[in-house]
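All remarks here apply to the structure that follows.
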Ligand SMILES: Cc1cc2nc3c(=O)[nH]c(=O)nc-3n(C[C@H](O)[C@H](O)[C@H](O)COP(=O)(O)OP(=O)(O)OC[C@H]3O[C@@H](n4cnc5c(N)ncnc54)[C@H](O)[C@@H]3O)c2cc1C
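Residue numbers (the numbering used here): 7 to 477.
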């Protein structure tokens, strides 16, 4: 393991001026919020949460049937949750990567892979059709080795994927050097069905498309309680109420409105830095002329990509769980994680010593024990939910929304017939075992990174139980 735990003084200076707002939301194009709900209304379909899952649900519902009344209630503003805070890596995989998918659903992996490709293609065609400017590029993504044993892992993945006709490309040291120059990077594996996007701009484009089609959106409107009343669900907000025939819950890692969700999803905080725009000579020094999304392939990994105005986003590594599903904006600012990330950045790119970071932020990831989305219903089938993307939901959230609509409309489709869709993750145990288990896993993953990938007894037991993190 080559990444240091201790930031230098120079590194700490690089983050002193960073503002704690997600870079993507710090954009003059950010729309002014719609009004809050202050009265009582009724609707055919209520969507709670205006991140990618909620926006896709509303858009696809309205596009399928313009006569259907659709309302979105959002506690804050569109994209202020994970949707406006992520790295903007949009992968075709709906199973959190091929390895996780093939390990859990070996009989369905070919179908799941094909459905993921179709989902990505449909996102692309929607962006084109609606003319959404969101710096979208199908660039592919490269996982990078910083240790020789990872190169062997890459070769094994390529062999494992061959029977499913899933293409990966192995990159040796020279080939990775021609993509990006770092003294730490010794090889890579490239996936082609992966894109980068400005996630907030995509969300705002979906928001506009929803409004243009007549979806009613109320922002600054948290739902505080749900009640089932005969044929409808009643959602209570601080100053209004809404009676809905159907309800789509798209609240991700936020404190859930249905208690059962808290058994399956834990919020895990992830942190991100954004540099100032690099100068032409800084950019030349790292030779990263393409827009490929990159990440290193350790258990505790960094993801990094460029922006339209020539910055580098550098995030990941720390994944912090707080006691009893701790959640809130106070957890989004973590100076120690920002400093560690910055130190790792300068280790990867010593040529950029002296560069400054302008933005530093955090966000909660809706982690579940199978690391990929799951679905469920409540209120005698009138309510459905989709969540659990575990950090790979920028693309998969559209599939999550698609399945949620199938369920709410009572449609039997190829999607709803999948074991992937019909099953749920294992629940997390209650506290204190929840914290103990998660923190022990995190510590063990760090140890494995420092020990040539060798897993301790705990990780081997987790693998055996189907709880191992494998992608
Ligand atoms: C730091 C970070 C980096 C990530 N990087 C990537 C990446 O590069 N690629 C990738 O694929 N995925 C990534 N992810 C994950 C990805 O961002 C999410 O999977 C995806 O955005 C989920 O969208 P969502 O709509 O389900 O949730 P969210 O965007 O979190 O939306 C949920 C919404 O529900 C609202 N809400 C919650 N409760 C209520 C309530 N009671 N009443 C009304 N509204 C409510 C919230 O305000 C919020 O706006 C990352 C996540 C984080 C945090």
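Think of the CB as a built atom: it goes at the ideal place given N, C-alpha and C, for glycine as much as any other residue.
For residue 467, is the classification buried or exposed, using 16 other Cβ atoms within 10 angstroms of its Cβ as the cut-off for buried?
exposed
Residue 436: buried (16+ other C-beta within 10 angstroms of its C-beta) or exposed?
Burial call: exposed.
Using a threshold of 7 Å, state whether the C-beta atoms of residue 209 and residue 85 are closer than that.
A contact, by the Cβ cut-off of 7 Å.
Counting pairs of beta carbons, one from the stretch 101-110 and one from the stretch 160-169, are three or more of them closer than 8 Å?
yes
Return the Cβ separation of residue 256 and residue 53 in integer angstroms, given the expectation that the two are a contact with Cβ distance under 8 Å.
Your pair residue 256 and residue 53 checks out as a contact, with CB atoms roughly 6 Å apart and the cut at 8 Å.
Express the C-alpha separation of residue 272 and residue 259 in angstroms, rounding to a whole number.
One Cα belongs to residue 259, the other to residue 272, and the distance between them is close to 7 Å.
Three or more beta-carbon pairs under 8 Å between the stretch 358-375 and the stretch 19-33, yes or no?
Judged by Cβ distances under 8 Å, the stretch 358-375 makes contact with the stretch 19-33, as three or more pairs qualify.
Alpha-carbon to alpha-carbon, residue 394 and residue 444
One Cα belongs to residue 444, the other to residue 394, and the distance between them is close to 16 Å.
Does the beta-carbon of residue 247, which I'm using as the reference point, lie nearer than 6 Å to any heavy atom of ligand 1?
no
Flag residue 125 as yes when its Cβ comes closer than 6 Å to any non-hydrogen atom of ligand 1, and as no otherwise.
no
Opposite residue 282 in the DSSP bridges: which residues?
Answer by DSSP bridge pairing: none, since residue 282 is not bridged.
Any chance the CB of residue 91 is under 6 Å from a heavy atom of ligand 1?
yes
Could you check the C-alpha separation between residue 110 and residue 118 for me, to the nearest Å?
Cα to Cα, residue 110 sits roughly 11 Å from residue 118.
When the Cα atoms are used, what is the spatial distance from residue 205 to residue 140?
7 Å
Say yes only if the C-beta of residue 351 is nearer than 6 Å to one or more non-hydrogen atoms of ligand 1, and no if none qualify.
no
Ordered along the chain, which non-local residues of its own chain (more than five positions away) have a Cβ less than 6 Å from that of residue 477?
Caution is warranted here: a pLDDT of 36 is assigned to residue 477, below 50, making its placement in the model unreliable, and no coordinate value can be reported.
Buried versus exposed call for residue 124 [16 or more other C-beta atoms within 10 Å across all chains shown]
It is exposed - the Cβ of residue 124 has fewer than 16 other Cβ atoms within 10 Å.
Beta-carbon within less than 6 Å of residue 156's beta-carbon, same chain only, minus the 5 sequence neighbours each way: which residues are those?
303
Among 410, 415 and 217, which residue has its Cα nearest to the Cα of residue 427?
Residue 410 is the option with its Cα nearest to residue 427.
Note down, in chain order, each residue of its chain lying with its Cβ closer than 6 Å to the Cβ of residue 10, except the 5 sequence neighbours on either side.
349
Residue 240, enclosing beta strand (DSSP E) - first and last residue
238-243
Kindly list the residues whose CB is nearer than 8 Å to the CB of residue 181, restricted to its own chain and excluding five residues on each side of it in sequence; keep chain order.
The beta carbon of residue 181 lies closer than 8 Å to those of 193 and 194 in the same chain, with the five residues before and after it left out.
Run of the beta strand (DSSP E) containing residue 413, from where it starts to where it stops:
Residue 413 -> not in any beta strand (DSSP E); alpha helix (DSSP H) instead, spanning 402-414.
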